[in-house]
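*Asks:* Top to bottom, those sequences are chains S and Y. Residue numbering for the first sequence follows the working numbering, beginning at -15 and increasing consecutively. Residue numbering for the second sequence follows the working numbering, beginning at 996 and increasing consecutively. Idealized CB from N, CA, C, for every residue including glycine. Remember, it's a predicted structure, so these values are computed and weren't measured experimentally. One structure, pasted below without further comment.
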Amino acid sequence: MEDFSYQKPKTVDDAREAYSASADGLFLAGGQTILPVMKLGLAAPSAVIDLGGIEGLRAILVTDSVVSIGAMATHATVAASGDVRQAIPALSDLAGMIGDPQVRTRGTIGGSIANNDPAADYPAAVLALNATITTDKRQIAADDFFVAMFETALEEGEIITNVEFPVADAAAYAKFANPASRFALAGVFVARTGNSVRVAVTGAGTCVFRVADMEAALAKDFSATALDGITVATENLNTDIHASAEYRGHLIGVMAKRAVEAAQTKGGGK
Amino acid sequence: MPKISLTVNNKPVTQDVEGRTLLVELIREGLGLTGTHIGCDTSQCGACVVHVNGQPVKSCTMLAVQADGAEVLTVEGVSPDSGLNPIQQALHEHHGLQCGFCTPGMVMTATALLKNNPDPSEADVRHGLEGNLCRCTGYQNIVEAIMAAAKTMRS
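Encoded structure:
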């Protein structure tokens, strides 16, 4: 790994200034992706600005209608939060499925969604629950945030401060994990709020995406059988050494049914 | 070069490190505590697991400067003055290791697991070990050892 200057600002303003003042700065959240990337030489920043010293970014606030998670809250903290589990159990379940226990100790929600790995878990929850991403500059709707593989709506130097999830009536996440990496070969997050249903898929394509046909069918009848016969076009799905596009397409159907069944039995927060 | 202060196995340590120095490099090369192993160096295998402020981390995927002010516990810090602790003893009795390379990480992960969940199911133990690879045992005896250690530690 190339060496760099290291700074640990105490406020978001100081972090933004440190970034502006650097030639080639990089924000460090939990580091569970970026440190391996830097070891491989795929990133070589001149300055690393560690967001871990900004106390306010770790807060988790839960009300009757919204779960707000600070960008630097770790997966382990979210998974262990009784308040989050009460409000959106599916979100707790998802956080507890990310990577492995050690990754969950360090990895953060802000880091995960800013990176937008095509097989990351959190983007599915953010998109299906119709979350709002708040940055130091603005609020971004989930539908506008995830742009393409490893690409988001974030601008140069923009810092995520928190993510607000509206509490759904019923939600669940079902993931078929690669047995080695624990990344999703296909992960489906289903959320129902009133008569509106959102279905988000991660791991199967180049970027998290929604499945309109499934959403329409589930809005009429929120049951696994409502998904019978609905297929996902495979031309945009990934084929790699782990699975073909056809296999991933099949998995999306299976995981979506499992998620609906889990949402019916375990329900949501309300 | 940043100067950092932390405690490692309850002993205060002050070191100059580069920004890029990994926590595992500080532990092994800076402090000579070679019980913490580097297996894959890609945060997959878990041979480098230590505790930072009581929580398990892969020390190959954390900068040493990020541990400034932290309490770090390595495998050297978990044994009693003589003999083995219940987790180490159970790994010995249940043949939970063969070559032993992964064992320090297994011990540290199991220690954190049983601290958070003193009465785990077998499924809990297997879920808890997802970040630790063993290429010798097939995990069966490691899981048995951790279940046995949990029982011993509860009694």
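Here's the rule I'm using: 16 or more other beta-carbon atoms within 10 Å means buried, otherwise exposed. How should PHE134/S be labelled?
*Replies:* On the first sequence, residue 134/S is found 150 positions in, with the first residue counted as 1. So PHE134/S counts as exposed.
*Asks:* Going by DSSP, name the residue or residues bridged to PHE129/S.
*Replies:* Residue 129/S sits at position 145 when you count from the first residue of the first sequence. Looking at the DSSP assignment, PHE129/S forms no beta bridge with any residue, so it has no partner.
*Asks:* Within 8 angstroms (strictly less), CB to CB, does GLY253/S reach chain Y?
*Replies:* Here residue 253/S is taken as the residue at index 269 of the first sequence, counted from 1. Caution is warranted here: a pLDDT of 42 is assigned to GLY253/S, below 50, making its placement in the model unreliable, and the coordinate value is therefore given only provisionally. Not one chain Y Cβ lies under 8 angstroms of GLY253/S.
*Asks:* Below 8 angstroms between beta carbons is the criterion; list the residues of the region 35 to 48 of chain S that meet it against any residue of chain Y, in chain order.
*Replies:* GLY36
*Asks:* Could you check if ARG90/S is buried or exposed, using at least 16 other CB atoms within 10 Å of its CB as the buried criterion?
*Replies:* Stepping through the first sequence from its first residue, residue 90/S is reached at position 106. Taking all protein chains shown into account, ARG90/S has 16 or more neighbouring C-beta atoms within 10 Å of its C-beta and is therefore buried.
*Asks:* Taking 8 angstroms as the threshold (beta carbon to beta carbon), is ARG166/S in contact with chain Y?
*Replies:* Here the question's residue 166/S lines up with position 182 in the first sequence. Cβ-Cβ to chain Y under 8 angstroms: yes for ARG166/S.
*Asks:* Going along chain S in order, which residues have a C-beta closer than 8 angstroms to the C-beta of PRO997/Y?
*Replies:* Working through the second sequence from its first residue, we reach residue 997/Y at position 2. Going along chain S in sequence order, the residues near PRO997/Y (Cβ under 8 angstroms) are TYR(-10).
*Asks:* Along chain Y, which residues have their Cβ under 9 angstroms away from the Cβ of ALA60/S?
*Replies:* Position 76 of the first sequence holds residue 60/S. The contacting residues are GLN1050.
*Asks:* So that I know if they touch, is there some Cβ in chain Y lying closer than 8 angstroms to that of PRO85/S?
*Replies:* Residue 85/S sits at position 101 when you count from the first residue of the first sequence. Yes, its Cβ sits closer than 8 angstroms to a Cβ of chain Y.
*Asks:* Check the Cβ of GLY15/S against every Cβ in chain Y and list those closer than 8 angstroms, keeping chain order.
*Replies:* On the first sequence, position 31 is the one that residue 15/S refers to. THR1056, MET1057, LEU1058 and GLN1061, listed in chain order.
*Asks:* What number of angstroms, rounded off, separates the C-alpha of GLU230/S from the C-alpha of LEU221/S?
*Replies:* Numbered from its first residue, the first sequence carries residue 230/S at position 246. Numbered from its first residue, the first sequence carries residue 221/S at position 237. Using only the alpha carbons, I get a separation of about 8 angstroms.
*Asks:* Under DSSP, the beta strand (DSSP E) around GLN86/S begins and ends at which residues?
*Replies:* Within the first sequence, numbered from 1, the residue matching residue 86/S stands at position 102. Per DSSP, GLN86/S belongs to no beta strand (DSSP E); it is in the alpha helix (DSSP H), 85 to 90.
*Asks:* So does the region 135 to 150 of chain S actually touch the region -5 to 4 of chain S, counting three or more Cβ pairs closer than 8 angstroms?
*Replies:* yes
*Asks:* Taking Cβ positions only, does VAL1044/Y come closer than 8 angstroms to chain S?
*Replies:* The residue given as residue 1044/Y occupies position 49 in the second sequence. True, the Cβ-Cβ gap to chain S drops below 8 angstroms.
*Asks:* In terms of residues, what are the limits of the beta strand (DSSP E) holding THR61/S?
*Replies:* For the purposes of this step, residue 61/S is taken as residue 77 along the first sequence, with counting starting at 1. Not the beta strand (DSSP E): THR61/S falls in the alpha helix (DSSP H), residues 59 to 64.
*Asks:* Note down, in chain order, all residues in the region 1089 to 1123 of chain Y with a beta-carbon under 8 angstroms from any beta-carbon belonging to chain S.
*Replies:* THR1104, ALA1107, LEU1108 and GLY1123
*Asks:* Heavy atom of the ligand MG less than 7 angstroms from the Cβ of ARG176/S, yes or no?
*Replies:* As far as ligands go, the structure on display features none, and thus does not contain the ligand MG.
*Asks:* Give the C-beta separation of GLN86/S and GLY1126/Y to the nearest angstrom, bearing in mind that I take them to be a contact with Cβ-Cβ under 8 angstroms.
*Replies:* Looking up residue 86/S in the first sequence gives position 102. Looking up residue 1126/Y in the second sequence gives position 131. Right, the Cβ-Cβ distance comes to about 5 angstroms (below 8 angstroms), so this counts as a contact.
*Asks:* Between ALA168/S and LYS159/S, how many whole angstroms is the CB-CB distance? I'm expecting something under 8 angstroms.
*Replies:* Along the first sequence, read from residue 1 onward, the residue named residue 168/S stands at position 184. Along the first sequence, read from residue 1 onward, the residue named residue 159/S stands at position 175. With a Cβ gap of about 5 angstroms, ALA168/S and LYS159/S count as contacting.
*Asks:* Please state if the CB of GLY66/S and the CB of ALA13/S are separated by a distance shorter than 8 angstroms.
*Replies:* Translated into positions along the first sequence, residue 13/S becomes position 29. Translated into positions along the first sequence, residue 66/S becomes position 82. No, the Cβ-Cβ distance between ALA13/S and GLY66/S is not below 8 angstroms.
*Asks:* Pull the bridge partners of ASN146/S from the DSSP assignment, please.
*Replies:* Along the first sequence, one-based indexing puts residue 146/S at 162. DSSP output for ASN146/S lists GLY54/S and THR118/S as bridge partner(s).
*Asks:* Indicate the three-state DSSP secondary structure (helix, strand or coil) for VAL1019/Y in the structure shown.
*Replies:* Against the second sequence, residue 1019/Y aligns to sequence position 24. If DSSP states are grouped into helix, strand and coil, VAL1019/Y belongs with the helices.
*Asks:* If we require 4 or more residues per run, which alpha helix (DSSP H) segments fall completely within the region 1012 to 1090 of chain Y?
*Replies:* 1081 to 1088
*Asks:* Contact criterion: CB-CB distance below 8 angstroms. Does GLY1126/Y meet it with respect to chain S?
*Replies:* Locating residue 1126/Y in the second sequence gives position 131, counting from the first residue. It does; some Cβ of chain S falls within 8 angstroms.
*Asks:* Measure from the alpha carbon of GLU1013/Y to the alpha carbon of each residue in LYS(-8)/S, SER4/S and GLU(-14)/S, then state which is nearest.
*Replies:* For the purposes of this step, residue 1013/Y is identified with residue 18 of the second sequence, where counting begins at 1. Comparing Cα-Cα distances from GLU1013/Y to each of LYS(-8)/S, SER4/S and GLU(-14)/S, the minimum goes to GLU(-14)/S.
*Asks:* According to a CB-to-CB cut-off of less than 8 angstroms, which residues of the region 1028 to 1039 of chain Y neighbour chain S?
*Replies:* ASP1036, THR1037, SER1038 and GLN1039
*Asks:* Within its chain, find whatever has a CB closer than 8 angstroms to the CB of LEU235/S; leave out the 5 residues flanking it on each side and keep chain order.
*Replies:* Numbered from 1 along the first sequence, position 251 holds the residue referred to as residue 235/S. Contacts found: PHE160, LEU169, ALA170, ALA188 and ALA227.
*Asks:* Can you confirm whether ARG260/S, when its beta carbon is compared against all beta carbons of chain Y, has any partner nearer than 8 angstroms?
*Replies:* Within the shown structure, residues of chain S are numbered from -15 to 254, placing residue 260/S beyond reach of any answer.
*Asks:* Taking the alpha-carbon positions, what's the VAL1052/Y to VAL1045/Y distance?
*Replies:* Reading the second sequence from its first residue, position 57 is the one you call residue 1052/Y. Reading the second sequence from its first residue, position 50 is the one you call residue 1045/Y. VAL1045/Y has its alpha-carbon roughly 6 angstroms from the corresponding atom of VAL1052/Y.
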